[in-house]
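Structure record follows, encoded as structure tokens.
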Amino acid sequence: MNYVLPLIPALPLVAFFITLFLGKWWLKDSAHWIPILAMAGSFVLSVAAFLAIRGEEHAMVVELWRWIPVGDFQVPIAFQLDQLSSVMLLVVTGVGTLIFIYSKGYMHGDPGYYRFFAYLSLFAFSMLMLVLGANYLLLYLGWEAVGLCSYYLIGFYYHKPSAASAGKKAFLTNRVGDFGFGLGVMLIFVTFGSLDYLHVFEAVEHGGTSEGILLAIGLLLFMGAMGKSAQFPLHVWLPDAMEGPTPVSALIHAATMVTAGVYMVARSSVIFASAPTAMLVVGAVGAFTAIFAASIGLVQNDIKRVMAYSTVSQLGYMFMALGIGAWIPAIFHLVTHAFFKALLFLGSGSVIHSLGGEQDMRKMGGLARKIPFTYWTLIAGAFALAGVFPFAGFWSKDEILGMNFKGGGYIIWAVGLIAAFITAFYTFRLIFMTFWGESRMDPEVEKHVHESPWSMVVPLMVLGVLSVGAGALLGIPPEGGLFAKFLEPVFEPANQILGVHHEAFAAIDVILMIVSLAVALSGVALAYVFYVRRPDDLPQKAGAISQPLYKAVLNKWYIDEIYDATIIRLTIDGSRWLWRVVDAGVIDGAVNGVARLWDIAGRIVSPFQTGRVQNYAVVMFVGLFVIVTAVIVF
Amino acid sequence: MVIPIEWYLVLSAFLFAIGAAGVLMRRNLFIVLFSIELMMNAVNINLVGFSRLHENLIGQNFVLFTMTVAAAEAAIGLAIVTALYRNRRTLMVDMFDVMKG
Amino acid sequence: MAEKLLFIVFAAFAVAGALGVITRSNVVHGLILLVFTFINVAGIFLLTQAHFLAVIQILVYAGAILVLFAFVVMFLNLREFQQEEQFHRGQKWAVVVLAPVMLAEIVFVVTAVTWSSVGDGFTPEAIAAQGGNVMVLGEQLFTKMLLPFEIASLILLVGMVGAILLAAKEDGESVCLREWDDDDCVSASLVEREV
Amino acid sequence: MEFGFAEQIGFRALSLLTFLPSLGALIMVLFMRGRPSAYKATALVASLATFALSVYMLTAFDSSTAAFQFQENFVWIENFGINYHMGVDGISMLMLLLTSFLSVIAIIGSWNYVKDRELAFFASLLILETGMIGVFTSMDLFLFYVFWEVQLIPMYFIIGIWGGARRIYAATKFFLYTFTGSVLMLVATLAVVWWYGKESGALTFDILTLQNAGFPSNIQFWGFLAFFVAFAIKVPMFPVHTWLPDAHVEAPTAGSVILAGVLLKMGVYGMIRFCIGFFPEATVNAVPYIMVLSVIAIVYGAAVSLVQPDMKKLVAYSSVSHMGFVTAGLFTFNQQGIEGSVLQMVNHGILTGALFQMVGFFYERTHTREIKDYGGMARPLPIAAAFFSLFVLGSLGLPGLNGFVGEFLILLGVFQYMKVFAVIASLGIILGAGYLLWMYQRTMFGELTNEKWLSLKDLSAREVLTLVPLAAMSVVIGVWPGPFLEMLHAPSLEIIAKVEPFMAQQHSLVQMASTFLGGF
């Protein structure tokens, strides 16, 4: 493992450098090979790592070198392999490989082809660093680096101003979260004298740390997670991030990067478990985000934006789970979500691709027969997202809701249920608007509709299979399946602190399952009524009835506008005031004022300086006379 | 000593005062230079007089150096005069007031 | 006694010449009067037994330096300045008052002090015994005073280089009549013809 | 021990290092008038040789000790106890490397930048280098002062002769600001030396002797104040920073690179040597005020950068912010803070130097520095955009690049000192990302604002050559700062040991303030 582990992130890094430096002049249209092979290689190595860690009690740590050694602050570049990072590795490399392959077809012919693959490789490297790092500072490194790649990839079409500013918005919003994360890391160091996971967690388990400090650490870390995982109120960047190419949305803004927050909270489970208030905040924010984002997703017309809000909402689910201490369901949902959301994104990418770039669902419809592969795989993804039995999403979502209910979080459970209903509705709204009914396409576009190339369809099918089967394979029985068994050792300490004991599968679980299935199906049914049965009048009517509400939702609850008017306006105006008034006015005014004072003094005395040598000589002579006289007289 | 030292000193004082007056009140740059030479000569007289009084040759030696400096000064002074005249076509000292504040 | 008489004569001529120098408006006249003054000073040097200096005074001052002056005076056309005001208007009166007062003060101080000789022994007689003023002075100059002597030569060299550099004309140099005003400038070649 | 280290290399390495650039300048001026290729090559060779020598010295440098190495000590002016005394410790060794490194970059970078009086320009740069190296190697207060003034003059000319439209104003402002500080420093120097002379009976300007003098409180207070103001102007700290934007905007590229890269560091270096070295007690008492000023500088500089319409001015104000980090870190008096601070000086030199270099390259092509005139430049200038993004990212503290290591260590240090300050300083980081990315987006991304820009040529090989070492250093320090930090361990511990005895009385004050401000 000592050699294998560092190789996992190293392969994409090498691919990045090769592609970046040779891509433009040499690799050109074949720039995809090296990144794909590197990614596949990483996947193989990850499988090896998975096999190695299976059933191990303790984490493996491989230290490469001391990164920052200053006094008692010693941070190594070290990788930690345990069950959690192994799962993340598999998701990142697995889904990553598929999306790399997909990108070959999707990005074909783009002038920035090599650049795209270089960025993707860099992203893969960063993400792998994030999940493999053995201390908080490396986590922070990966954290920022994935943010950077996200910045580049969102702004991939940099000549589009909207893309460029979306990238900037993403980075800055993340920075706000990282502000907390960074402080949290410092507080961890100051409190525990180390940043290594193993050391810190051991110290927390050992007890003796004041709960206030743990709460502060938890909240600060969660602030970072809110930024990265787009939780309210830092969710604003994710929908805008859809300016990036679709594979990017699938890989970064659905499957991997945005789940980093979930990973981080799960990784710090021991800390959160020791600070119940922090967990409460995590759960509340998650639940609120779940329903809040879902509500916006209801009315969006851009196919990718629907997905984006859905992602935000699903991430909310994961935090909801973490908030109740359901670590394993959260990670489980992370995994299944990675499959079906990547699938949905790639599928909508395939739709967009076949329509020559059209993203507005109002200009689609009736595509089912024209692009059947895409259609059927998307259906699988939609059922998974809606949480319909036995698709993948059902199992993980049900676990989350079930654990909330059983843990006494009835309000959160109810919120989650409502959100699930909305989710089912908007998911199938998307399906129906896109594939069913009459065609609303431009005739010009319609002529060119075509099924996507194989390199795009094959990843779709693989993900489709996973969306259908992965949940049942890994999640039966709920809370005791293969997945849970595998992850058990990682969360053992946290569960001990929380005092959770494992319950056997019982009748209550079945009831809850049926309830959530019913909710999901009713959402699907309602969507069917709205968009298949009466697409011409019912949606309008519904919108008209709840006019103010509809408008608010359509405008994303005006969050962007509020930020613009308050924080951003204030910062810019305040800065301008500082510059114009304080800097140029007060400080420089004082400096120049002193200079002006001397200038005036100079003007007063300068006439004495006639410029004529003899005048000066006479004055000298008079002076001499005075001195001599004085000497003689006295 | 045949001639009292005071005589030298008084003569020197006269020449110096005349030279100084010339420097201070004449407008013609040449006359100013002449006046400077006069003042230098006044000093030389002093030096020679004291050399005689103290019965040594230090003063006389010194006069040689004064003359050296006077020669150099005259050479450079005249060079400046020509340069000035070439540029400004006047030699009236009070016309040169570029440094006026 | 004869020496005293001669001293008074030389001194009177020197002072008269000096007064002439600073009052003449014609530069050439001034120059000649200056030579006259210098010759009289040389006479005083002779009276003081400073033979070498007397010779040098005439050779260097009256000869070399003043010839240099004469050259430049002749070289430049200075007649026009004779018509101009020769004295500073206000300053003139200040100097006329101040200079005599200063003179009086100096004379007062000089006469009030009792001067006494150090008596190093180089009386004219002793010097004559050692081979004369020129010889003794030369010996001192090349032994005790060697370093200052060499430095003096350096000063002369620098002076020479400086004079050449300053007086040499640069190509394309323009000539300004008043102030450093660009409008007033004419090309160097034009002035050259006039000069 | 005093003289032992000169033998490490076997020759007077520091004197050679100091005067090598000047020697080059002399050769250029004497023998190469009117032959641009010859004197440019000489300038390059001189600076390269200096850099090579400093690297060679690094191999002989012993980083396990805080003692001064490569010492040379000759009597200079005996009556006043002035010696020609040179030596380096870890901190000044790093500064030397930075100086000689950036000088090479600046010379290559301005190869074709200056159009008139090129010879004088390159000679000025080399003399400037001598001055800077002299400042970092002097171990005699008088010698230090001499070099301090020596570097001022070429910089004044570089801004005043080869600068932009308002160069005279900027150069004068730069000179007067700095000189005001210098004069204060001179007075304080004389006071300190005089006091010590009175106490011990012998005048001395030797820094090591004076560091152990143990000045009484009132001398400490006034001496500290004078020295501190002198160095604070140089850093520059809020509120004496306003010369910096003007000087940077008007200075030619090489001037900006050196100014930001090295000159500002001399201020902090001076604080380490003199404020802390001579007056530890007064320094400790002043720490809360310095901290407040530093934190203000961080946020203020960042905020003002945000709204700058001029790229160069933006980078200049960002320097104020970054140097705020440096001073904040230094005066925490814990190892992380001090080492982070010194490392951050190096980082800032590399990154801001690089940013100025980049702005210079853009300016050479477009003849404008206004951000609004740019836009979409990534299309005609992809390589430039790539480098630019690297330096922007380093500057905003992306982990894996050098800016992060320094900034994080400083924040960690400040955090241990007082949490509130760390929180506010972290806000500066958010703003930092804001102004840098916003600038990057407005200049490199978006629609092409001017069709003319399409015909611009991307970076030439020479230009890339100046940027590659900077980029490489940025990455190397980012992922493997160990060797650099190792040189700082011993000196930083020495600093801590120096102020330790006075921290006790300070501590209660910090705690009082911290409860008052409501630290966690």
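Heads up: the sequence lines are chains A, B, C and D, in that order. Per the working numbering, the very first residue in the first sequence carries number 3; after that it's consecutive. Per the working numbering, the very first residue in the second sequence carries number 25; after that it's consecutive. Per the working numbering, the very first residue in the third sequence carries number 3; after that it's consecutive. Per the working numbering, the very first residue in the fourth sequence carries number 35; after that it's consecutive. All C-beta atoms in this analysis are idealised placements derived from N, C-alpha and C, irrespective of residue type, glycine included.
*Compute the distance between the beta-carbons of S375 (chain D) and V393 (chain D), then report whether it is under 8 Å.*
Not a contact, by the Cβ cut-off of 8 Å.
*For A80 (chain A) and E65 (chain A), believed in contact at Cβ under 8 Å, the rounded distance*: At roughly 4 Å, the Cβ-Cβ gap stays under 8 Å, so E65 (chain A) and A80 (chain A) are in contact.
*Between which two residues does the beta strand (DSSP E) carrying R68 (chain A) extend?*
Annotation: the continuous beta strand (DSSP E) that includes R68 (chain A) extends over M62 to V72.
*Which residues mark the beginning and the end of the beta strand (DSSP E) in which G165 (chain D) is found?*
It is not in any beta strand (DSSP E) - G165 (chain D) instead sits in the alpha helix (DSSP H) that spans E152 to T171.
*Can you check whether the CB of V308 (chain A) is closer than 8 Å to the CB of Y116 (chain A)?*
Cβ atoms of Y116 (chain A) and V308 (chain A): not closer than 8 Å.
*Count the other C-beta atoms from every protein chain shown that fall within 10 angstroms of the C-beta of G121 (chain D), then say buried if there are 16 or more, exposed otherwise.*
By the 10 Å Cβ count, G121 (chain D) comes out buried.
*asked:* Counting only beta-carbon separations shorter than 8 Å, does Q611 (chain A) have a partner in chain C?
replied: Not an interface residue.
*Ends of the beta strand (DSSP E) at M363 (chain A)?*
That residue, M363 (chain A), is in no beta strand (DSSP E); it is neither H nor E in DSSP.
*Residue-chain proximity (V615 (chain A), chain B), Cβ-Cβ < 8 Å*: Among the CB atoms of chain B, one or more fall inside 8 Å of the CB of V615 (chain A).
_On the CB-based measure, 16 or more other CB atoms within 10 Å of its CB, does D198 (chain A) come out buried or exposed?_
D198 (chain A) is classed as buried because its beta carbon has at least 16 other beta carbons within 10 Å across all chains shown.
*If contact means a Cβ-Cβ distance below 8 Å, which residues of the region 619–632 of chain A contact chain G?*
Absent from the structure: chain G. Protein chains present are A, B, C and D.
_Relative to the C-alpha of S454 (chain A), which candidate in A:A292, A:T379, A:I414 and A:L317 has its C-alpha closest?_
Nearest option by C-alpha distance: A:T379.
*asked:* Can you list, in chain order, the residues of its chain with a C-beta nearer than 7 Å to that of F493 (chain A)? Leave out the 5 residues immediately preceding and following it.
replied: Closer than 7 Å at Cβ, skipping near neighbours: S271, W329 and I330.
*Can you give me the Cβ contacts of L132 (chain D) inside the same chain, cut-off strictly under 6 Å, excluding the 5 residues immediately before and after it?*
V380 and G383.
*Any idea what DSSP makes of E490 (chain A), helix, strand or coil?*
In this structure, DSSP gives E490 (chain A) a helical state, which the three-state scheme calls helix.
*So L443 (chain D) packs on L377 (chain D), CB below 8 Å; how close in whole Å?*
So it is a contact: roughly 7 Å between Cβ atoms.
*Taking only beta-carbon positions, decide if W472 (chain D) is within less than 8 Å of chain A.*
Against chain A, the CB of W472 (chain D) has a partner CB under 8 Å away; the residue lies at that interface.
_Bridge partners for G135 (chain A) per DSSP, in chain order?_
G135 (chain A) is bridged to A:F81.
_Closer than 8 Å is the cut-off here; do at least three beta carbon pairs connect the region 124–139 of chain A with the region 249–259 of chain A?_
Output reads yes: the region 249–259 of chain A touches the region 124–139 of chain A.
_Coil, strand or helix - F89 (chain C) by DSSP_ = When DSSP states are grouped into helix, strand and coil, F89 (chain C) belongs to the strand group.
_Buried versus exposed call for Q475 (chain D) [16 or more other C-beta atoms within 10 Å across all chains shown]_ = Q475 (chain D) comes out buried.
*Expressed to the nearest angstrom, what Euclidean distance is found between the alpha-carbon atoms of G19 (chain C) and I55 (chain B)?*
So the two alpha carbons sit approximately 13 Å from each other.
*Of all Cβ atoms in chain A, is any one closer than 8 Å to the Cβ of R151 (chain D)?*
No, its Cβ sits nowhere closer than 8 Å to a Cβ of chain A.
*Partner residues on chain C for M123 (chain B), Cβ-Cβ distance less than 8 Å*: Residues of chain C passing the Cβ test: none, with the nearest at roughly 12 Å.
*Please look up how many angstroms separate the CB atoms of D121 (chain B) and R51 (chain B), rounded, as I've assumed it's under 8 Å.*
Contact flag wrong, Cβ pair sits at about 13 Å.
*What is the rounded straight-line gap between the Cα of H355 (chain A) and the Cα of G349 (chain A)?*
A direct Cα-to-Cα measurement between H355 (chain A) and G349 (chain A) gives close to 10 Å.
*Taking the beta strand (DSSP E) that F104 (chain D) falls in, what are its first and last residues?*
Looking at the DSSP string, the run of the beta strand (DSSP E) that includes F104 (chain D) is Q103 to I111.
*What are the start and end residues of the alpha helix (DSSP H) that includes N70 (chain B)?*
Element bounds for N70 (chain B): L53 to L77.
*Any idea what DSSP makes of D184 (chain C), helix, strand or coil?*
Bear in mind that the predicted position of D184 (chain C) carries a pLDDT of just 48, short of 50, making it too unreliable to give a figure here.
_Every unbroken beta strand (DSSP E) within the region 310–357 of chain A, with a cutoff of 3 residues, ordered by chain_ = The region 310–357 of chain A contains no whole beta strand (DSSP E) run of 3 or more residues.
*Could one say the Cβ of V47 (chain B) lies closer than 8 Å to chain A's Cβ atoms, at least one of them?*
Yes, because at least one Cβ of chain A sits closer than 8 Å to the Cβ of V47 (chain B).
*Buried or exposed (CB count within 10 angstroms, at least 16 for buried), F610 (chain A)*: A residue is called buried when at least 16 other Cβ atoms come within 10 angstroms of its Cβ; F610 (chain A) does not meet this threshold and is exposed.
*Give the residues from the region 124–148 of chain C that approach chain B closer than 7 Å (Cβ to any Cβ), ordered along the chain.*
Answer set for the region 124–148 of chain C: F124, T125, V138, L139, Q142, L143 and M147.
*Just to confirm, are K268 (chain D) and T212 (chain D) a CB contact at a threshold of 8 Å?*
Cβ atoms of K268 (chain D) and T212 (chain D): closer than 8 Å.
*Indicate whether L357 (chain A) and L462 (chain A) have their beta-carbon atoms separated by less than 8 Å.*
The Cβ atoms of L357 (chain A) and L462 (chain A) lie no closer than 8 Å to each other.
*Return yes when the Cβ of Q85 (chain A) is within less than 8 Å of the Cβ of P495 (chain A), no when it is not.*
Cβ atoms of P495 (chain A) and Q85 (chain A): not closer than 8 Å.
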